[in-house]
Structure formats: structure tokens, C-alpha cells
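Engineer:
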Amino acid sequence: MINNKIKNVILLISVLVCIVLSSRIWLQLPNFLNYDSEKKEMVKETELKLDIWSLVKPVKAVIKFNENYTILYSAEDKELWKKTVEIIDKGLSSKSEKINISNSAAFPMNYFKFDFATSIPIEIFEKQMEINNVQLNDAIPTIKNIILDLDNKNTIYFYDGKDTIKVESDELNTEEVAKIIKEIDYSKYPKYSTNEKIGDQTIKIPVPLETTVKNPIFVQSELDVFDTDGINKIAKDYFKNDYDYVRKAVEVSGNRVFMYRTEKVLKINSEGQLDFYDSNIELGNNIGEYESLVTALNFTEDFLGFPKDGYLSNIETVQYEGNFGYRFIFSYKLQDRPLLFSRVRPNAALQIDVVGNKVVSYKRFIRDIDETQKDKMLNYEILPAVKVIEKNMQTEIAANNLLELKPIKAEKIKDINNIYLGYFDLSRISKEQVLRVVWVIEMKDKTYIFNAITGALIEEW
533 MINNKIKNVI
543 LLISVLVCIV
553 LSSRIWLQLP
563 NFLNYDSEKK
573 EMVKETELKL
583 DIWSLVKPVK
593 AVIKFNENYT
603 ILYSAEDKEL
613 WKKTVEIIDK
623 GLSSKSEKIN
633 ISNSAAFPMN
643 YFKFDFATSI
653 PIEIFEKQME
663 INNVQLNDAI
673 PTIKNIILDL
683 DNKNTIYFYD
693 GKDTIKVESD
703 ELNTEEVAKI
713 IKEIDYSKYP
723 KYSTNEKIGD
733 QTIKIPVPLE
743 TTVKNPIFVQ
753 SELDVFDTDG
763 INKIAKDYFK
773 NDYDYVRKAV
783 EVSGNRVFMY
793 RTEKVLKINS
803 EGQLDFYDSN
813 IELGNNIGEY
823 ESLVTALNFT
833 EDFLGFPKDG
843 YLSNIETVQY
853 EGNFGYRFIF
863 SYKLQDRPLL
873 FSRVRPNAAL
883 QIDVVGNKVV
893 SYKRFIRDID
903 ETQKDKMLNY
913 EILPAVKVIE
923 KNMQTEIAAN
933 NLLELKPIKA
943 EKIKDINNIY
953 LGYFDLSRIS
963 KEQVLRVVWV
973 IEMKDKTYIF
983 NAITGALIEE
993 W
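So in the numbering used here, spot 177 of the sequence shown is number 709, and the numbers just go up one at a time.
1) For lysine 768, collect the residues of the same chain with a Cβ closer than 6 Å to its Cβ; drop the 5 residues on either side in sequence, then sort them by chain order.
2) Looking at glutamine 805 and lysine 895, is the spacing between their C-beta atoms short of 9 Å?
3) Taking C-alpha atoms, which residue in Glu913, Lys698, Ile940, Lys694 lies nearest to isoleucine 620?
4) Is the beta carbon of leucine 587 closer than 9 Å to that of glycine 842?
5) Give a yes or no on whether 9 Å exceeds the smallest Cβ distance from glycine 954 to chain D.
6) Hey, quick one: how far does the beta strand (DSSP E) through threonine 927 stretch, first residue to last?
7) Within its chain, find whatever has a CB closer than 6 Å to the CB of serine 634; leave out the 5 residues flanking it on each side and keep chain order.
8) What would DSSP say about glycine 842, mapped onto helix, strand or coil?
9) Exposed or buried, which one is isoleucine 749 when buried takes at least 16 other CB atoms within 10 Å?
10) Distance, Cα to Cα, isoleucine 712 vs tyrosine 721?
11) Using alpha carbons as the reference points, say which of Pro870, Val891, Phe644 lies closest to isoleucine 951.
12) Looking at the secondary structure, which residues open and close the beta strand (DSSP E) in which methionine 791 lies?
13) Going by CA-CA distance only, name the one from Val887, Lys729, Arg899 that's closest to leucine 967.
14) Have a look at serine 555 and tyrosine 777 and give me their C-alpha separation to the nearest angstrom.
15) Assign valine 617 to one of three DSSP states: helix, strand, or coil.
16) Taking the alpha-carbon of serine 489 as reference, which of Asp759, Glu579, Thr602 has the nearest alpha-carbon?
17) Does the region 819-838 come into contact with the region 645-658, if we say contact requires no fewer than three beta-carbon pairs (one atom in each stretch) closer than 8 Å?
18) To the nearest angstrom, how far is the alpha carbon of aspartate 834 from that of lysine 772?
19) According to DSSP, which residues form a beta bridge with threonine 696?
20) Just the Cα atoms here: how many angstroms apart are lysine 571 and methionine 641?
21) With DSSP run on the structure shown, which of helix, strand or coil describes asparagine 830?
22) Buried or exposed for aspartate 681, please, with buried defined as at least 16 other CB atoms from any protein chain shown within 10 angstroms of its CB.
23) With 16 as the cutoff for other CB atoms within 10 Å, does asparagine 598 come out buried or exposed?
24) May I ask which residues mark the beginning and end of the beta strand (DSSP E) holding aspartate 756?
25) Going straight from the alpha carbon of valine 666 to that of glycine 623, what length do you get?
26) Please name the residue in Gln867, Lys615, Ile800, Ala671 whose C-alpha comes closest to that of asparagine 764.
27) For phenylalanine 982, which three-state DSSP category applies?
28) I want to know whether the region 643-654 touches the region 580-595 - three or more CB-CB distances under 8 Å.
29) What residue range does the alpha helix (DSSP H) around glutamine 660 cover?
30) Going by C-alpha to C-alpha distance, which of Lys796, Ile766, Glu992 sits closest to arginine 779?
31) Going straight from the alpha carbon of leucine 866 to that of phenylalanine 758, what length do you get?
32) So if DSSP puts proline 870 in a beta bridge, which residue, or which two residues, is it bridged to?
33) Among Asp868, Ile730, Gly888, which one has its Cα closest to the Cα of isoleucine 948?
34) Mapping DSSP to helix, strand and coil, what is leucine 580?
35) I need the DSSP call for isoleucine 898, collapsed to helix, strand or coil.
36) Could you give the distance in angstroms between the alpha-carbon of phenylalanine 982 and the alpha-carbon of valine 826?
Now the structure itself:
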């Protein structure tokens, strides 16, 4: 009797094991069984897997020291950004009560200034550095610039686009960075001219005097839609255990589409743009900017990784089915120059939407240097920035007392607040594999993109 009961128990256990295994293989109904593992994975995703400051970093650094003025587009090469982060971390996360925070209209005479492509929420600095300073949080909600006073080692300034605050503390010590700045051989860096005039109008910022730049820049898309094995591997990395249940299709245009049920769609188009959408959102699981950024960073680090010399260029709020989240946009540099995409169509190098601790949308379009044509990329003569501006100034036509249809008005010269060289990508308009070298002229309310070789206007933002 007892033996029969034991046999029945063993038989029952065997049947249950068979059901579990077959459900994993055929029925895809393991949600209640995978609850613990999914929970562990969610906890794991909140732990940062890379150095956040390698991507939340300035797009350029400005040096003003005595008679020297220049701009570095690769300040990280000298680890100046890394050292500055360590200074802020130590100085503001310390328990010292001797931290003085005040509004400041003045600017240091000699300074080293980091410029971010977008305003970075102070929350990201505070949570990553474990800073708990209510006064700092109230004083400056976002950071657009970080300015080091080269004459006062215990002072740092923060600018949010409107106001500047001055932070003083004995725990802040910028001496090491200041020493590097003061020892730079400025003859090796681009020259800048101050008080340049166009007609009677003065440009109020230093103007770069560069006259040569690498050109043309031959590129190729990071992803090749015709590389079937490579594309399938990407799909497997994304869908993971669900890959065997994915429907695959090749469209007439050459686009490759992968779909799991109606929840997850991955598409790689013929130009090399990757785009996926995951509609499975957990309701009411909204998280903050910092946690959302960590989710975006971890996901991308595991899925294809970040482009070389990438940086966070914008943060927006998004809404999916009543749930709020954040959109993180990343750009990158080529040849130490910012890469700009045409705005004729919505373009971004990398765009990640995070809702409820989950990446729900991911767009990626990365262009790499075409190594096979690298020997063709030589120093090329370009028009000086001032000449480009003059060429695009509105002037009166004497005969009819009319204005030429040119974009820049004389009274707007004083509003110019940034001039720099970059590379412009028209790929998704003309399917080109060559980048244009451009002068970017930024004003208060307009940005102009000019061909640096011809001086012609390409786009106006």
C-alpha cells in the first residue's frame, strides 16, 4: 500500500516536471515561473554597468588663461573631465559644512569652462555622487556649464542657461587641473580672434581662425542590412529566449523586420538604421531621470554598445499610454568634431525611450569612418568663419532699394553666441556616404549650417 503511494507521488512529480519543461519549450507560458528571475534581472538593471561620466560629458571645453584662448573638443584625452568630476565628487559629497553657495553675476578672469550639449539635471550629479545638499538643488536645477576658476583653487561655478552660482569650499581643490591648463602649449591649438567686426557690427565672442580641416570624410553605416548573419545575431541579442517564436520578413525596400506577437518589433532599414518598439509597459511603474538614464545606459552597453566618443546631447519627457518616461538622445564626434544630422527628417544617432524602468523604444543610426578610404581624407582649405558670415549678410540692392535674400541680418551679428566647425550628415536624404564640413553659427533664436567650402547655407534651425 505504502509502495503504491510512493509510486503515485513519484509519477505525479514526473508529470509536473514534464508539464513545466514542455511549457517552456512549446507553450511559452513561464511568466509565473520566471517571476523571481525577472525580479532579479530588474534589480540588476538598476546597477550601473559603465562609467556614467564617459557619456554624460561636455561636448567641448573652453580655456581662457591670461592672453590665451582656445577650445578643446577632446578634453577627455588629458583626463581633464575625469579629474574635474573627482574634484566635484569629493568637494560636494563631503560632510563638510563649510560649503558656501551664492548667486554670481561675475565671471572669473581666468577660467576653464565645460560646455554640455544640453542642460544636465542636477539630480544626475547628486544621485551618482551621493550629494545631499538642499541648497545646491534649489539653486541650480540643471547644469549647462561647469566653470573652474584658475586663480582660486577652492571655487567652482555652475551655469544653468540663465543663472550662475558660485560654490566655495575648502574641500574643493582645482589645483591639479589648473596646473595642466597653465602648462598647455597653446601654439598647438586653434587660434581665436576677439572683437571681430563685420561692417559696423562687432561679434561679441572669440571667432575661430581655422582655415583647413580634414575633408572629405568618407563614412559607412554601422549596420549592413545585407549582412544576414550579423543582423540575425542582433535580433537574437534583442529577443533572447523569444527569438525562436519571432516572425521574420524582408520588405521590397530591403528592410528587415522581426516581430514577436504584436508586442515587440525590431526593424533594420536599408540605410542601416535600427529601430525597435516594445509595447509591453508596466503600468504605474514610473521612475526618475537618474534611474531612467541608468536603464538606458545599461541596455545600450549590453546591446551593441555606444559609439566611440559618444555623449548625451538631449533629455526629453515622453508619454506612452498614459505613462510618463524619458527620452535620452546621444550624439558623437568624428575627427574630434561634432556630427550633426539634417533636420529635414527626424534624425538622431541614438535615441532611447525609457518608461517604467524599461526601454520601450530604441533608434540607432551610427556612421563610422570608412577605413578603406582613409588615405583620401586630407587637410582641405575652407572659407574663414567671418568670410562665410559676410557672404550670407543681407545687403541692399541699390537699383531697386531691395534686400538680397540672404539669411543673416546686420543687427543680428551681436546675437552670435557660438561659432564652430562640424561635420554634417545628409545620408537619409541623399543616401550619401560623405560628410560635409560645415560652419555652425548659433544665435539666440537661430542656428545656421553653412558649407565651409562654398559658404552656401545648407539648413536653418
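Every residue gets a Cβ at the ideal spot worked out from N, C-alpha and C, and that includes glycine. All of these numbers come straight from a predicted model, not from anything done at the bench.
Structural biologist: This is what the structure holds:
1) These residues qualify, in order along the chain: Tyr775.
2) Yes; because the gap between Cβ atoms is below 9 Å, this pair is in contact.
3) Among Glu913, Lys698, Ile940, Lys694, the Cα nearest to that of isoleucine 620 belongs to Lys698.
4) Cβ distance < 9 Å, so glycine 842 and leucine 587 count as in contact.
5) In the displayed structure, chain D is absent; only one protein chain is listed.
6) Counting along the chain, threonine 927 falls outside any beta strand (DSSP E), and DSSP gives it neither H nor E.
7) Only residues of its own chain outside the window of five on either side were considered, and among them Lys698 have a CB closer than 6 Å to the CB of serine 634, listed in chain order.
8) Glycine 842 carries a strand assignment under DSSP once its states are collapsed to helix, strand and coil.
9) Answer is buried; the Cβ neighbour count reaches 16.
10) A direct Cα-Cα distance of roughly 15 Å separates isoleucine 712 from tyrosine 721.
11) Just measuring C-alpha positions, the residue of Pro870, Val891, Phe644 sitting nearest isoleucine 951 is Pro870.
12) Per DSSP, methionine 791 belongs to the beta strand (DSSP E) from 788-792.
13) Put simply, of Val887, Lys729, Arg899 the residue whose alpha carbon is nearest the alpha carbon of leucine 967 is Arg899.
14) Low confidence applies here, because serine 555 scores a pLDDT of 46, under 50, leaving its location unreliable; read the following figure in that light. Pairing serine 555 with tyrosine 777, the inter-Cα distance amounts to about 14 Å.
15) In the structure shown, valine 617 adopts helical secondary structure according to DSSP, grouped into three states.
16) No answer is possible for residue 489: the residues shown for the chain start at 533 and end at 993.
17) Output reads yes: the region 645-658 touches the region 819-838.
18) Cα to Cα, aspartate 834 sits roughly 12 Å from lysine 772.
19) Tyr691, per the DSSP bridge assignment.
20) Only weak support is given to the placement of lysine 571: the predicted model assigns it a pLDDT of 40, under 50, and the value that follows is read from those uncertain coordinates. Computed Cα separation, rounded: 53 Å.
21) Asparagine 830 sits in a helix when the DSSP states are folded into three classes.
22) Aspartate 681 sits buried, since 16 or more C-beta atoms from the chains shown fall within 10 Å of its C-beta.
23) In summary, asparagine 598 is exposed, with fewer than 16 beta-carbon neighbours lying within 10 Å of its beta-carbon over all protein chains present.
24) Neither: aspartate 756 is in no beta strand (DSSP E) and is coded neither H nor E.
25) Taking the straight line joining both Cα atoms gives about 15 Å.
26) Relative to the Cα of asparagine 764, the nearest Cα in the group Gln867, Lys615, Ile800, Ala671 belongs to Ile800.
27) Strand at phenylalanine 982.
28) Flag = yes, the region 643-654 and the region 580-595 touch.
29) Start and end: 654-661.
30) The option with the nearest alpha carbon to arginine 779 is Lys796.
31) Cα-Cα distance, rounded: 25 Å.
32) When beta bridges are read from the DSSP output, proline 870 appears opposite Lys865.
33) Taking only the C-alpha atoms, the option nearest isoleucine 948 is Ile730.
34) Here leucine 580 sits in coil by DSSP.
35) Coil.
36) Approximately 36 Å between the Cα atoms of the pair.
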